[in-house]
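For reference, the structure is listed below as structure tokens.
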Amino acid sequence: MAAACGMRRGLRLLQLRGLRTGHAARQQEEFPSPAERPQFPGASAAFVDTLDFIQPNVLAGIPVYRVMDRQGQILNPSQDPQLPAETVLKLYKTMTLLNTMDRILYESQRQGRISFYMTNYGEEGTHVGSAAALDPTDLVFGQYREAGVLMYRGYPLDLFMAQCYGHAGDPGKGRQMPVHYGSRDLHFVTISSPLATQIPQAVGAAYAMKRDNADRAVICYFGEGAASEGDAHAGFNFAATLDCPVLFFCRNNGYAISTPTSEQYRGDGIVARGPGYGILSIRVDGNDVFAVYNATREARRRAVAENQPFLIEAMTYRIGHHSTSDDSSAYRSVDEVDYWDKQDHPISRLRHYMLGRGWWDEAREKAWRKESRRQVLEAFEAAERRRKPSPQLLFSDVYCDTPPGLARQRDGLARHLRLYGEHYPLALFDK
Ligand SMILES: Cc1ncc(C[n+]2csc(CCOP(=O)(O)OP(=O)(O)O)c2C)c(N)n1
Ligand SMILES: [Mg+2]
Numbered sequence: 001m002a003a004a005c006g007m008r009r010g011l012r013l014l015q016l017r018g019l020r021t022g023h024a025a026r027q028q029e030e031f032p033s034p035a036e037r038p039q040f041p042g043a044s045a046a047f048v049d050t051l052d053f054i055q056p057n058v059l060a061g062i063p064v065y066r067v068m069d070r071q072g073q074i075l076n077p078s079q080d081p082q083l084p085a086e087t088v089l090k091l092y093k094t095m096t097l098l099n100t101m102d103r104i105l106y107e108s109q110r111q112g113r114i115s116f117y118m119t120n121y122g123e124e125g126t127h128v129g130s131a132a133a134l135d136p137t138d139l140v141f142g143q144y145r146e147a148g149v150l151m152y153r154g155y156p157l158d159l160f161m162a163q164c165y166g167h168a169g170d171p172g173k174g175r176q177m178p179v180h181y182g183s184r185d186l187h188f189v190t191i192s193s194p195l196a197t198q199i200p201q202a203v204g205a206a207y208a209m210k211r212d213n214a215d216r217a218v219i220c221y222f223g224e225g226a227a228s229e230g231d232a233h234a235g236f237n238f239a240a241t242l243d244c245p246v247l248f249f250c251r252n253n254g255y256a257i258s259t260p261t262s263e264q265y266r267g268d269g270i271v272a273r274g275p276g277y278g279i280l281s282i283r284v285d286g287n288d289v290f291a292v293y294n295a296t297r298e299a300r301r302r303a304v305a306e307n308q309p310f311l312i313e314a315m316t317y318r319i320g321h322h323s324t325s326d327d328s329s330a331y332r333s334v335d336e337v338d339y340w341d342k343q344d345h346p347i348s349r350l351r352h353y354m355l356g357r358g359w360w361d362e363a364r365e366k367a368w369r370k371e372s373r374r375q376v377l378e379a380f381e382a383a384e385r386r387r388k389p390s391p392q393l394l395f396s397d398v399y400c401d402t403p404p405g406l407a408r409q410r411d412g413l414a415r416h417l418r419l420y421g422e423h424y425p426l427a428l429f430d431k
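The structure is reproduced here in structure tokens:
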């Protein structure tokens, strides 16, 4: 709009110049006023005559929106989302069930039963707070540490286990590393390992939804480390310029494997980048499930109503190691981890809130701990008994017509197993 006005004005000046011949008249039109505003097509604020560089941290840091304090007390009643008891219980039960599943699958990896695992310890509030604020058909692009979003949508423990064990009941047929879940029914796009590739993909999906008038939004989760990838820039800029209904949800958990945020970026976190792209942005306390809920809900409402992207930076802490391939004691102190585990945990904060309302008590906590553990162990034991998918499935589903090279490999493997099958644990695999 500003650019169009500037262009019209420029055209008018040229026409006037052609009409008038006197030098004084021409000068008056070329330099209308010292208070003239810049007409550059790419930016239009005021001119200044002082040489000042913009300070990256003009404010004392972009503030962190929260609803509850660490004791689960609502700070400002106008911000209480007033969720009914059953919704709050679902938030709590999902967070704690995820925590229990994490413990059992982490141990299972340590015992050599599965190849790899990533826990979600400390970030449970970012998962369920955002999941609860979305419509169930909104499309989710995750990074890998968002299992709680899928769990909140009702993904059963048996399928979590099936994926991590890669057994014959895994919808992905055991071809992916553990924690690379996906569910078409629950609108959760399958996780892929290369960082940040989901960001431009999410924007493309949101653009398609806008063109379809689908009344849906896309949410794209990523870590503060992934935000350093070029794909993050491409995604943010496309989303802003194409007015896409996408929520960029950054889980800023302090680390990208061993790289702390102090080495990851120099600006004020990820949220500070939003205004640079022209994206409405907010920083929230990711350990406050209600703050995450409120911010996501409002961003989701506006993203769909107004077709525009939003950026939410949820501040939290990765309490676990990066993955089972990492030992974080090499780069951070036990005291640091202890602080977040004991003093500022999203689960205990919500529990305090529920206790304060009389919706929870010691007896119910004890009973739920027992019950949730029983559920996880039952799914775990059932998964242990399942066979692995048939080795022949290695070669299907990528090509519509199997190319000759791949067919040769498939037949070669079958021949090899016919001849030397006794040297392999084939009894553990489907035929
Ligand atoms: C393109 C690419 N580079 C490097 C990696 C290896 N890698 C896997 S996870 C990770 C750290 C990501 O950190 P962050 O985005 O903060 O997520 P977090 O693990 O903290 O949840 C790295 C470097 C990768 N998977 N893909
Ligand atoms: Mg991180």
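Residues 1 to 431, numbered by full-length UniProt numbering, are exactly what the sequence shown covers, in order.
Think of the CB as a built atom: it goes at the ideal place given N, C-alpha and C, for glycine as much as any other residue.
Here the structure is a predicted model, which means the values were calculated and not measured.
Paired residues, beta bridge with residue i - DSSP
i      : result
Leu280 : Phe310
Asp401 : Partner(s): none; Asp401 has no beta bridge.
Tyr65  : Val284
Ala256 : Thr259
Lys388 : Phe429
Ile74  : Met68
Phe248 : Cys220, Leu311
Leu242 : Beta-bridge pairing links Leu242 to no other residue.
Spatial distance of residue i from residue j (CA atoms)
i           : j      : result
residue 444 : Gly421 : In the structure as shown, the chain starts at 1 and stops at 431, and residue 444 therefore has no counterpart that could be examined.
Val292      : Val149 : 13 angstroms
His321      : Tyr144 : 14 angstroms
Ala299      : Ala240 : 14 angstroms
Asp185      : Ala43  : 44 angstroms
Asn237      : Asp80  : 33 angstroms
Asp288      : Ala162 : 31 angstroms
Leu419      : Asp411 : 12 angstroms
Ala217      : Ser192 : 21 angstroms
Ala282      : Glu107 : Checking the sequence, you will find Ile at residue 282 rather than Ala. Taking the straight line from one Cα to the other gives about 37 angstroms.
Thr324      : Pro346 : 23 angstroms
residue 432 : Lys370 : An answer regarding residue 432 cannot be provided, because it is not within the stretch 1 to 431 covered by the chain.
Phe53       : Ala227 : 25 angstroms
Ile114      : Cys164 : 7 angstroms
Tyr117      : Met101 : 11 angstroms
Arg66       : Phe290 : 8 angstroms
Lys388      : Ser183 : 20 angstroms
Asp327      : Thr259 : 13 angstroms
Phe395      : Asn307 : 41 angstroms
Gln264      : Pro56  : 15 angstroms
Arg103      : Ala295 : 29 angstroms
Ala85       : Ala363 : 17 angstroms
Ala232      : Leu247 : 13 angstroms
Phe249      : Asp135 : 16 angstroms
Distance cut-off 6 angstroms: residue i Cβ against heavy atoms of ligand 2
i      : result
Glu263 : no
Tyr317 : no
Gly223 : yes
Tyr106 : no
Asn253 : yes
Cβ-heavy atom distance, residue i to ligand 1, below 6 angstroms
i      : result
Pro194 : yes
Ile257 : yes
Arg415 : no
Ala226 : yes
Arg332 : no
Arg283 : no
Arg351 : no
Arg273 : no
Arg357 : no
Arg145 : yes
Assigned exposure category for residue i - 16 Cβ within 10 Å defines buried
i      : result
Glu378 : exposed
Gly22  : With a pLDDT of only 45 at Gly22, under 50, the local geometry of the prediction cannot be trusted, and no value is derived from it.
His180 : buried
Phe40  : exposed
Asn213 : exposed
Ala196 : buried
Gly269 : buried
Gly174 : buried
Ser78  : exposed
Arg350 : Reading off the sequence shown, one finds Leu at residue 350, where the question assumed Arg. Flag for Leu350 reads buried.
Leu138 : A quick correction: the sequence has Asp, not Leu, at residue 138. Asp138 comes out buried.
Reduced DSSP category for residue i - H, G, I as helix; E, B as strand; rest coil
i      : result
Tyr144 : coil
Met118 : coil
Met315 : strand
Tyr106 : helix
Val337 : helix
Ser183 : strand
Tyr221 : strand
Leu51  : coil
Leu195 : coil
Residue-chain proximity (residue i, chain C), Cβ-Cβ < 7 angstroms
i      : result
Val128 : Looking at the structure shown, chain C is missing, and only one protein chain is on hand.
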